[in-house]
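One line per chain: the protein sequences are G and P, in this order. Under the numbering used here, the first residue of the first sequence carries the number 206, and numbering increases by one thereafter. Under the numbering used here, the first residue of the second sequence carries the number 21, and numbering increases by one thereafter. All residues carry an ideal CB built from backbone N, CA and C; glycine is no exception. Since we're looking at a predicted model, the values are computed, not measured.
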Amino acid sequence: MVTVNPCSAELPGTLGETMPFLCEGAVVTLQSAAGGSVLALVLALVVGLTATSRFRGARAVARVYMEFFRGTSVLVQLFWLFYAMPILTGFQLDTLFAGILALGLNLGAYGSEVVRGAVQAVPAGQREAAIALNLSPYQRMRRVILPQAFVEMVPPMNNLLIELLKSTSLLSVITVTDLAYQGRLLVNSGSDQLVVFALLLVIYFLLSYLITLLMRYVEGRAARLVGRGKPRRTPWRRRSATAGAGR
Amino acid sequence: MAAPLRDGGSRPMTWDWDWAMEILPGLLTQGLLVTVQATIGGALLAFVLGLFLALLRRSPRPYISRPVGAVAEFIRSTPLLVQLFVLYYVMPDFGVKMTALTTGIIGLGVHYATYTAEVYRAGIDCVPKGQWEAAVALNLPRRWSWFSIILPQAVRRSLPALGNYLVAIFKESPQLSVITVVDVVGLARELGSERFRYLEPMTIAGLFFLLIAIPASILVRRMERRLDT
Chain G
206 MVTVNPCSAE
216 LPGTLGETMP
226 FLCEGAVVTL
236 QSAAGGSVLA
246 LVLALVVGLT
256 ATSRFRGARA
266 VARVYMEFFR
276 GTSVLVQLFW
286 LFYAMPILTG
296 FQLDTLFAGI
306 LALGLNLGAY
316 GSEVVRGAVQ
326 AVPAGQREAA
336 IALNLSPYQR
346 MRRVILPQAF
356 VEMVPPMNNL
366 LIELLKSTSL
376 LSVITVTDLA
386 YQGRLLVNSG
396 SDQLVVFALL
406 LVIYFLLSYL
416 ITLLMRYVEG
426 RAARLVGRGK
436 PRRTPWRRRS
446 ATAGAGR
Chain P
21 MAAPLRDGGS
31 RPMTWDWDWA
41 MEILPGLLTQ
51 GLLVTVQATI
61 GGALLAFVLG
71 LFLALLRRSP
81 RPYISRPVGA
91 VAEFIRSTPL
101 LVQLFVLYYV
111 MPDFGVKMTA
121 LTTGIIGLGV
131 HYATYTAEVY
141 RAGIDCVPKG
151 QWEAAVALNL
161 PRRWSWFSII
171 LPQAVRRSLP
181 ALGNYLVAIF
191 KESPQLSVIT
201 VVDVVGLARE
211 LGSERFRYLE
221 PMTIAGLFFL
231 LIAIPASILV
241 RRMERRLDT
């Protein structure tokens with residue numbers, strides 16, 4: 206069997222000329238997407254739960270964070286963190302770090318809203334039952350509320366992670382050497398721009414699809430854990446009707 | 021991760037009010053005007069094109085609905101920035117020459133049309149089945165029942181979500197600055213690069229977005245609640 210390395214320079218024509226560079230870019234794109242996702246998911250969980258807190262002050266802080274970062278675009282936040290903040294604080298962030306920070310903070314704000322909504326959508330009877338069983342507040346959240354809320358969170362989180370992946374292309378503007386950056390570099394150095402941009406789109410699409418597959422698997426697992434899932438089937442074979450339906 | 025500025029101390033490290041006041045009018049008029057043009061143009065295109073996409077997607081003929089769905093999925097899953105590159109750099113090779121702003125509006129409009137199509141689709145699915153049955157019982161032609169019975173109800177239900185996308189388009193419009201559109205952020209980048217000082221222009225640009233996007237999303241939420249009841 207002949208295996209073809211998609212990143213090899215020996216591919217014919219423009220492919221061989223561009224793919225090695227695009228693969229380098231794809232690695233950086235994946236790094237920033239992974240870093241951004243981790244930060245965004247942690248923030249989403251912490252801030253989202255804070256937004257359901259009994260304490261007014263805590264809720265207000267969560268609200269301010271969410272409104273602030275959802276009120277401006279990633280690009281503005283990125284420029285601000287990278288170009289404007291250093292003047293104020295005297296510290297210059299590394300490009301990739303600034304990018305991950307901006308992506309995480311921005312998508313974390315959207316994620317918080319998802320977490321808040323999912324936690325509040327768990328029927329009140331579940332919480333009451335947990336209190337009746339004398340579970341501590343931590344156990345209530347960890348064992349009863351979150352597992353059920355988690356199932357509801359996965360599809361919107363899938364959309365957010367795809368948004369995050371798409372937003373990583375903006376990091377090229379502050380010279381992070383991601384896919385979009387490498388693509389423009391190749392075009393500027395004379396590669397066929399139609400081919401390069403088409404390849405970019407295809408690679409981004411494949412990466413988004415990868416996220417969707419992963420999240421569908423997670424969703425199936427999470428649903429089965431709370432006894433709501435369909436019987437075990439190869440989850441990547443069927444397309445769920447709600448996949449990709451808005452944000 | 022973080023390193024002290026090399027040229028730290030050579031320039032004032034605090035907010036420069038004089039300069040901020042000097043650039044504020046330009047950003048407010050010239051920059052914001054272009055941002056608003058891009059937003060409204062992009063949103064109108066997205067709202068109209070999205071409706072067509074939603075209708076094509078529901079076509080009973082699979083050779084229409086399938087490809088339309090696949091293309092929409094592809095556009096939704098790839099970055100707007102790269103799509104803008106294609107429109108701005110590749111289209112001229114095929115003899116399509118447009119200004120940067122027009123290119124940007126088309127890019128925003130097409131990208132978000134794939135999102136609004138889902139909104140309309142959900143809206144159409146929400147129209148009770150009885151409405152269809154009533155239209156059939158009245159012997160209305162198919163086109164009539166679509167345009168005078170189903171769509172008015174579906175679009176009404178879609179309005180809050182469309183409002184959200186209007187705000188989203190407004191917030192994503194700064195991406196057009198990458199293809200040389202001089203919107204608020206484009207202008208702020210220009211001003212910043214003249215003095216190598218981005219603090220004031222970027223902060224002002226960011227504040228504009230906050231000041232417009234937050235009240236707008238509050239309005240949308242209020243509209244949502246009114247339509248619910």
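Three-state secondary structure (DSSP) of residue i
| i | result |
| --- | --- |
| G/Gly432 | coil |
| P/Trp35 | coil |
| P/Arg96 | helix |
| G/Cys228 | helix |
| P/Met118 | coil |
| P/Asn159 | coil |
| G/Ser445 | In this prediction, G/Ser445 scores a pLDDT of 47, lower than 50, which makes its location untrustworthy; no coordinate-derived value is stated. |
| G/Ser317 | helix |
| G/Leu216 | coil |
| G/Thr234 | helix |
| G/Gly425 | helix |
| G/Ser394 | coil |
| G/Gly258 | Going by the sequence as given, residue 258 of chain G is Ser instead of Gly. The answer is coil: DSSP assigns G/Ser258 none of H, G, I, E or B. |
| G/Leu340 | coil |
| P/Tyr218 | coil |
| G/Pro352 | helix |
| G/Asn210 | coil |
| P/Ser79 | coil |
| P/Pro180 | helix |
| G/Val327 | coil |
| P/Asp248 | helix |
| G/Pro360 | helix |
| G/Val381 | coil |
| P/Ile59 | Note on residue identity: the sequence assigns Thr, not Ile, to residue 59 of chain P. Three-state result, P/Thr59: helix. |
| P/Ser30 | Confidence at P/Ser30 is low in this model, with a pLDDT of 47, below 50, so its placement is unreliable and no value can be given for it. |
| P/Asp203 | coil |
| P/Val110 | helix |
| P/Pro148 | coil |
Buried/exposed call for residue i, threshold 16 Cβ in 10 Å
| i | result |
| --- | --- |
| P/Thr41 | What sits at residue 41 of chain P in the sequence shown is Met, not Thr. So P/Met41 counts as exposed. |
| G/Gln344 | exposed |
| P/Thr55 | buried |
| G/Ser237 | buried |
| P/Tyr83 | exposed |
| P/Asp27 | Unreliable placement is indicated for P/Asp27, whose pLDDT of 49 sits below 50; the coordinate value is still reported in the next sentence. The residue is exposed, with fewer than 16 neighbouring Cβ atoms inside 10 Å. |
| G/Asn339 | exposed |
| P/Phe114 | exposed |
| G/Leu419 | exposed |
| G/Gln325 | exposed |
| P/Arg242 | exposed |
| P/Thr16 | This structure leaves residue 16 of chain P out entirely; chain P is present only between 21 and 249. |
| P/Glu220 | buried |
| P/Glu138 | buried |
| P/Ile246 | According to the sequence provided, residue 246 of chain P is Arg. The question's Ile does not apply to it. Under this definition P/Arg246 is an exposed residue. |
| P/Thr119 | exposed |
| G/Gly432 | exposed |
| P/Ala92 | buried |
| P/Gly62 | buried |
| P/Asp248 | exposed |
| P/Gly206 | buried |
Near-chain G residues of the stretch 81-103 of chain P (beta-carbon distance less than 8 angstroms), N- to C-terminal order: Glu93, Phe94, Arg96, Ser97, Thr98, Pro99, Leu100, Leu101, Val102 and Gln103
Using 8 angstroms as the threshold, is the stretch 298-315 of chain G in touch with the stretch 274-284 of chain G, meaning 3 or more CB pairs across them? yes
Three Cβ pairs or more, each shorter than 8 angstroms: is that satisfied between the stretch 346-361 of chain G and the stretch 285-297 of chain G? no
Tell me which residues of the stretch 268-282 of chain G have at least one Cβ-Cβ distance to chain P shorter than 8 angstroms, keeping chain order. Residues of the stretch 268-282 of chain G with a C-beta atom less than 8 angstroms from some C-beta of chain P are Glu272, Phe273, Arg275, Gly276, Thr277, Ser278, Leu280, Val281 and Gln282, listed in chain order.
Which of the residues in the stretch 215-234 of chain P, read from start to end, lie with their CB under 7 angstroms from any CB of chain G? Arg217, Tyr218, Leu219, Met222, Thr223, Ala225, Gly226, Phe229, Leu230, Ala233 and Ile234
Could you run through the stretch 104-120 of chain P and flag, in chain order, every residue whose CB is less than 8 angstroms away from some CB of chain G? Phe105, Val106, Tyr109, Val110 and Asp113
Does the stretch 360-378 of chain G come within contact of the stretch 67-82 of chain P, defined as at least 3 CB pairs closer than 8 angstroms? At 8 angstroms Cβ cutoff, the stretches do not touch.
The stretch 225-245 of chain G touching the stretch 193-200 of chain P, judged by at least three CB pairs closer than 8 angstroms: no
The stretch 120-140 of chain P touching the stretch 58-74 of chain P, judged by at least three CB pairs closer than 8 angstroms: yes
The stretch 189-208 of chain P: positions lying closer than 7 angstroms to chain G by Cβ: Lys191, Glu192, Pro194, Gln195, Val198 and Val205
Just checking, does the stretch 178-189 of chain P make contact with the stretch 62-79 of chain P on the three C-beta pairs under 8 angstroms criterion? yes
Interface residues of the stretch 351-370 of chain G facing chain P [CB-CB below 9 angstroms]: The stretch 351-370 of chain G vs chain P, Cβ under 9 angstroms: Ile367 and Leu370.
Identify each residue in the stretch 225-236 of chain G for which the Cβ-Cβ distance to at least one residue of chain P is less than 8 angstroms, and report them in chain order. none
Tell me whether the stretch 251-266 of chain G and the stretch 394-408 of chain G touch, counting them as touching only if at least three CB pairs, one residue from each stretch, are closer than 8 angstroms. no
Pairs of beta-carbons, one from the stretch 152-166 of chain P and one from the stretch 199-215 of chain P, closer than 8 angstroms: are there three or more? no
With 9 angstroms as the C-beta to C-beta threshold (strictly closer), list the residues of the stretch 383-394 of chain G near chain P in chain order. Leu384, Ala385, Gly388, Arg389 and Val392
Which residues of the stretch 283-309 of chain G have a Cβ closer than 9 angstroms to any Cβ of chain P? Give them in chain order. Phe284, Trp285, Phe287, Tyr288, Ala289, Met290, Pro291, Ile292, Leu293, Thr294, Gly295, Phe296, Gln297, Leu298, Asp299 and Phe302
Is it true that the stretch 382-398 of chain G meets the stretch 100-115 of chain P, where meeting means three or more beta-carbon pairs spaced less than 8 angstroms apart? Yes, the stretch 382-398 of chain G is in contact with the stretch 100-115 of chain P.
Is the stretch 92-101 of chain P in contact with the stretch 160-171 of chain P, if contact means three or more CB pairs nearer than 8 angstroms? no
Between the stretch 44-51 of chain P and the stretch 222-239 of chain P, are three or more C-beta pairs nearer than 8 angstroms? yes
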